[in-house]
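Student:
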Amino acid sequence: MWHIAIATLKRNQKSNLRAFPWTFTFGHIIDGVYLVIISYFSYVYLIKGDIDSKFAIYSGSEDYLTYVIIGGMLSIFSVSMMMNVSRALITEWREGTLEALLLSPSSRSGYFLGNAVQQLYRSGAELLVVLFFGLLAGLRLPSVDFLSVFVGILLFLLSCYAMALVLGSIMLYTRDTFIVQNTLFTITALLCGFQFPRQYLPDYLQVIGEIFPLTYALQLLRGSLLTGEAIRLPDIWPIILLIVVYITVGQWTNRRIERGLFERF
Numbered sequence: 002m003w004h005i006a007i008a009t010l011k012r013n014q015k016s017n018l019r020a021f022p023w024t025f026t027f028g029h030i031i032d033g034v035y036l037v038i039i040s041y042f043s044y045v046y047l048i049k050g051d052i053d054s055k056f057a058i059y060s061g062s063e064d065y066l067t068y069v070i071i072g073g074m075l076s077i078f079s080v081s082m083m084m085n086v087s088r089a090l091i092t093e094w095r096e097g098t099l100e101a102l103l104l105s106p107s108s109r110s111g112y113f114l115g116n117a118v119q120q121l122y123r124s125g126a127e128l129l130v131v132l133f134f135g136l137l138a139g140l141r142l143p144s145v146d147f148l149s150v151f152v153g154i155l156l157f158l159l160s161c162y163a164m165a166l167v168l169g170s171i172m173l174y175t176r177d178t179f180i181v182q183n184t185l186f187t188i189t190a191l192l193c194g195f196q197f198p199r200q201y202l203p204d205y206l207q208v209i210g211e212i213f214p215l216t217y218a219l220q221l222l223r224g225s226l227l228t229g230e231a232i233r234l235p236d237i238w239p240i241i242l243l244i245v246v247y248i249t250v251g252q253w254t255n256r257r258i259e260r261g262l263f264e265r266f
């Protein structure tokens, strides 16, 4: 599996460097910087620092800028991670290499893992640039529990990976990427609480948002970064359960769709 993951990582990196060495990365950096700037000017000049009293209760902090900037950066990062992994197989199909991939004895888990790791360090580099602008705009992190932050990051990455597998199977079945991915990203942006506390949503939308492991992972990771809150073991189990369910469903549906893909088209 690891040989397949490394080979996939190297192939994707070479392909990206030859096709679009800077434009793709630069576009994501601009999106992140734009979000930081909009958050800063909205807070300082539009609402003039006047925050609803419920915000501190819901978020655990009165630092609105830090809350929004962390959520914005994680939102962009999650979109990059899920997009790269979920589009892997349909990109192979469009390029005419999917049949060869399916006939090969290579590990499918290694293939998806290679796509995920390649996108991880590329998105991580983009995130560092956006983080620099966030610090200039007023992002302030308290003393954090580094173990909790590490666990939160790991759960967040696994959540993105698990949801990408399910998203990829839907893309492969419908042979569409634009509508499917943007529909999911719009829903998660609203229901997972990237830009505002979920408690502002109606109760039924909060319940719907809880079907995504990204919702729980975001809550724990942002809590550990924003308030220094330690992640406890009971907080992890619901996320792990959802991640296992999503990975299982994603792997099963991908196999089912792969078998009938060339018979349908």
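All residue numbers for the sequence shown refer to the working numbering, where the first residue is 2 and numbers rise by one. All C-beta atoms, glycine included, are put in the ideal place defined by N, C-alpha and C. Bear in mind the structure is a predicted one, so any value in this text is a computation, not a measurement.
Does DSSP classify S160 as helix, strand or coil?
Tutor: Reading the sequence shown from its first residue, position 159 is the one you call residue 160. Helix, per DSSP.
Student: Just to confirm, is the Cβ distance from I212 to L243 under 9 Å?
Tutor: Within the sequence shown, the letter at position 211 stands for residue 212. Within the sequence shown, the letter at position 242 stands for residue 243. Yes, the pair counts as a contact, with Cβ atoms nearer than the cut-off.
Student: Does the Cβ-Cβ distance between Y174 and F113 come in under 9 Å?
Tutor: Residue mapping note: residue 174 aligns to position 173 of the sequence shown, counting from 1. Residue mapping note: residue 113 aligns to position 112 of the sequence shown, counting from 1. The answer is no: Cβ separation not under 9 Å.
Student: What residue range does the alpha helix (DSSP H) around A117 cover?
Tutor: In the sequence shown, counting from the first residue as 1, residue 117 sits at position 116. Per DSSP, A117 belongs to the alpha helix (DSSP H) from 109–138.
Student: Among the candidates Q119, Q196, L192, whose CA atom is the shortest distance from the CA of N13?
Tutor: Sequence index remark: in the sequence shown, residue 13 carries index 12 (1-based). When each option's Cα is compared against that of N13, the closest is Q119.
Student: Pull up the distance between the alpha-carbon of D236 and that of F27, whole angstroms please.
Tutor: Along the sequence shown, one-based indexing puts residue 236 at 235. Along the sequence shown, one-based indexing puts residue 27 at 26. Near 36 Å, if we compare the C-alpha coordinates of F27 and D236.
Student: Excluding the 5 residues preceding and the 5 following I171 in the sequence, name in chain order all residues of the same chain whose CB lies nearer than 6 Å to its CB.
Tutor: For the purposes of this step, residue 171 is taken as residue 170 along the sequence shown, with counting starting at 1. Once the five neighbours on either side are set aside, the close Cβ partners of I171 are V181.
Student: Comparing C-alpha positions only, which one of G50, I77, R176 sits nearest to D64?
Tutor: Position 63 of the sequence shown, counted from the first residue, corresponds to residue 64. Comparing Cα positions, the closest option is G50.
Student: Going by DSSP in three states, M83 sits in which element: helix, strand or coil?
Tutor: Translated into the one-based positions of the sequence shown, residue 83 becomes position 82. DSSP places M83 in helix when its eight states are reduced to three.
Student: Can you name the start and end residues of the alpha helix (DSSP H) that T92 belongs to?
Tutor: In the sequence shown, counting from the first residue as 1, residue 92 sits at position 91. From DSSP, the alpha helix (DSSP H) with T92 extends over 89–96.
Student: Count the other CB atoms, across all protein chains shown, that sit within 10 Å of the CB of L137; report buried if there are 16 or more and exposed otherwise.
Tutor: Residue mapping note: residue 137 aligns to position 136 of the sequence shown, counting from 1. L137 comes out exposed.
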